[in-house]
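Mapping the first sequence onto the working numbering, position 25 (from 1) lands on 100, and the numbers just tick up by one.
Yeah, the Cβ is synthetic: ideal placement off N, Cα and C, and Gly gets one too.
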Amino acid sequence: MEIRKIHSWENLTLADAKSIQNNLARDIIVDGVSKNVNYIAAGDLAFSKDSTAFGAVVLMTYPEFEIVELHTGKERVRFPYIPGYLTFREAPLLLSLFEKLQIVPDLVMVDGQGIAHPRKMGLGAHIGLFLGIPTIGVAKSRLIGKYDEPKIEKGSWSWLTHKSEKIGMVVRTRKNVKPLFISPGNLIGFESALNWTLKCSIKYRIPEPTKIAHNTVTNFKKSQI
DNA sequence: GCGACAG
DNA sequence: ATCTTGTCGC
76 MEIRKIHSWE NLTLADAKSI QNNLARDIIV DGVSKNVNYI AAGDLAFSKD
126 STAFGAVVLM TYPEFEIVEL HTGKERVRFP YIPGYLTFRE APLLLSLFEK
176 LQIVPDLVMV DGQGIAHPRK MGLGAHIGLF LGIPTIGVAK SRLIGKYDEP
226 KIEKGSWSWL THKSEKIGMV VRTRKNVKPL FISPGNLIGF ESALNWTLKC
276 SIKYRIPEPT KIAHNTVTNF KKSQI
């Protein structure tokens with residue numbers, strides 16, 4: 076699929092990165108319902124001590140969740156992990172893998188925050204701008220925001236707010252497991268982001284596409300060492 | 001100044 | 001994220 080190269084990833088200082096996030100935040104569209112979803116994609120990365128980043132992107136059918144495409148790749152780590160700047164560490168490799176997709180997905184799930192970010196530009200939102208299709212940020216823990224613990228039943232959720240503004244949802248995808256932190260990335264609304272996350276949460280706490288991408292990159296990393 | 005802090 | 005075995009609970 077085509078990737079919009081909105082800006083360069085080369086030689087960026089933290090100040091450059093922050094400036095990019097502030098500028099791009101204005102282009103994010105938090106709206107859309109995502110009907111007629113036939114293909115869902117997701118990606119994930121793994122790292123090794125020698126500063127190598129491994130990545131995997133998977134494309135599955137909905138609602139069967141059959142794997143149609145699987146792409147893996149690796150590169151040298153180019154940016155450290157700094158809370159709030161995860162994009163600059165993970166997006167380059169992820170985008171190069173999404174670019175290999177022959178089929179354009181109708182929905183993309185990203186491992187990280189969407190707009191639930193200090194500058195409303197988490198990894199999910201940032202990648203959503205480069206892909207130009209509905210993207211959801213699915214994080215396993217909180218970056219910013221306050222919330223009430225959702226009830227233990229599957230499907231129960233509560234709002235994630237920051238400065239009295241709704242920035243995402245805290246969702247229990249299975250009974251008695253730690254909740255997930257969902258927020259719109261780009262071109263999708265809160266309700267749709269929540270609904271699709273639950274529709275994709277079948278066997279595990281993590282949505283099917285993301286889980287498959289995670290397993291794939293874990294195995295790929297093992298095979299490369 | 002102090003604590004928090006996606007992966 | 002990574003390292004790392006067994007083990008407690010639904």
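Integer-rounded CB distance, given that residue j should sit under 8 angstroms from residue i
| i | j | result |
| --- | --- | --- |
| N261 | I227 | About 32 angstroms; that fails the 8 angstroms criterion. |
| F256 | R217 | 6 angstroms |
Residue from the options whose Cα sits closest to the Cα of residue i
| i | options | result |
| --- | --- | --- |
| T210 | G199, G118 and I157 | G199 |
| V183 | D223, V132 and R280 | V132 |
| I242 | P254, I219 and L255 | I219 |
| K110 | R164, S267 and M244 | S267 |
| P155 | D125, S171 and L172 | D125 |
| S231 | R217, E240, I263 and L269 | L269 |
| I277 | E77, P138 and T88 | P138 |
| D181 | S94, I263 and W84 | I263 |
| T285 | A92, A116 and K80 | A116 |
| I157 | G197, N113 and E150 | G197 |
| Y279 | P259, N97, P254 and N98 | P254 |
| I142 | A121, A100 and Y114 | Y114 |
| K221 | I208, G207, T236 and G212 | T236 |
| E150 | L168, F163, I81 and L161 | L168 |
Residue i to residue j span [Cα, whole Å]
| i | j | result |
| --- | --- | --- |
| A90 | A214 | 25 angstroms |
| E174 | L134 | 12 angstroms |
| R249 | W84 | 37 angstroms |
| K195 | M244 | 14 angstroms |
| K229 | R247 | 5 angstroms |
| S239 | F295 | 42 angstroms |
| N86 | P282 | 34 angstroms |
Which residues DSSP lists as bridging residue i, in chain order
| i | result |
| --- | --- |
| R151 | T127 |
| V245 | S233 and F256 |
| V213 | D186 and I257 |
| D119 | A131 |
| Y222 | Per DSSP, none; premise fails for Y222. |
| E240 | H237 |
Near the ligand ATP: residue i beta-carbon under 8 angstroms from a heavy atom
| i | result |
| --- | --- |
| G260 | Only the bare structure without any ligand can be found here, which leaves the ligand ATP out of the picture. |
Minimum length 3: unbroken beta strand (DSSP E) runs contained in the segment 131-204: Whole beta strand (DSSP E) segments, 3+ residues: 142-151 and 182-186.
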